[in-house]
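Numbering (UniProt numbering), first residue to last: 1 to 183.
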């Protein structure tokens, strides 16, 4: 697996200060993608154990809330095993941190048994490590810069623990928003 960037002290891709890993490779190919260069699976640098260790170290300060996985697309089958190992390392070392994941695939269609990005023995374990899954392709016609933590209105912020517990999609909410990007 390659990655295009790691952003430390990121505040745009989930709640609080985060470390964001942008993996390389995406088959969704959303028109208007903010990170089009990362659609190429060979873009960037190889992800290594040293890279994983650097990410874990960046998460140690108490002011860092968690890890965000973006891309490219983290849910491409080629990425899932490597990201599962990273998430398990983070959870083992820093169980108080949360994990967000952004995917252009749809949770209840593509990431379930029989879905086009489901990997037996891997996808469920990876999803179990993720607290919030932002799913769905970016759709330019539904772009809305006032939305929190997503680019278009079709995308959902799914609370995966509640969703798996209830068997129904439960959207993530952090309470009222007291300001927006509106002008």
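Backbone N, C-alpha and C fix where the C-beta goes; we use that ideal spot for every residue, glycine too. Treat the numbers as computed from the prediction; the structure is a model and nothing was measured.
Check, Outcome
"Pairwise C-alpha distance: residue 143 and residue 41", "25 Å"
"Closer than 8 Å to chain B by CB, residue 55", "No chain B is present in this structure, which holds just one protein chain."
"Validate contact between the segment 29-47 and the segment 109-127 using beta carbons, cut 8 Å, 3 pairs", "no"
"Three-state class that DSSP yields for residue 119 in the structure shown", "coil"
"Alpha helix (DSSP H) segment containing residue 8, residue limits", "Careful: residue 8 lies outside any alpha helix (DSSP H), inside the beta strand (DSSP E) at 2-10."
"Member of 107, 31, 97 whose CA lies at the smallest distance from the CA of residue 167", "107"
"Residue 19 - DSSP class collapsed to helix/strand/coil", "strand"
"Beta-bridge partners of residue 156, as assigned by DSSP", "135"
"Minimum C-alpha distance to residue 67 - residue among 39, 112, 15, 19", "19"
"Nonlocal neighbours in the same chain, by C-beta distance under 6 Å from residue 6, ignoring five residues either side", "21"
"Stretch-stretch touch, CB-based, cutoff 8 Å, three pairs: the segment 53-71 with the segment 109-116", "no"
"Validate contact between the segment 89-102 and the segment 126-142 using beta carbons, cut 8 Å, 3 pairs", "yes"
"Neighbour-count burial assignment, residue 16, 16 or more Cβ in a 10 Å radius", "exposed"
"Beta-bridge partners of residue 101, as assigned by DSSP", "69, 133"
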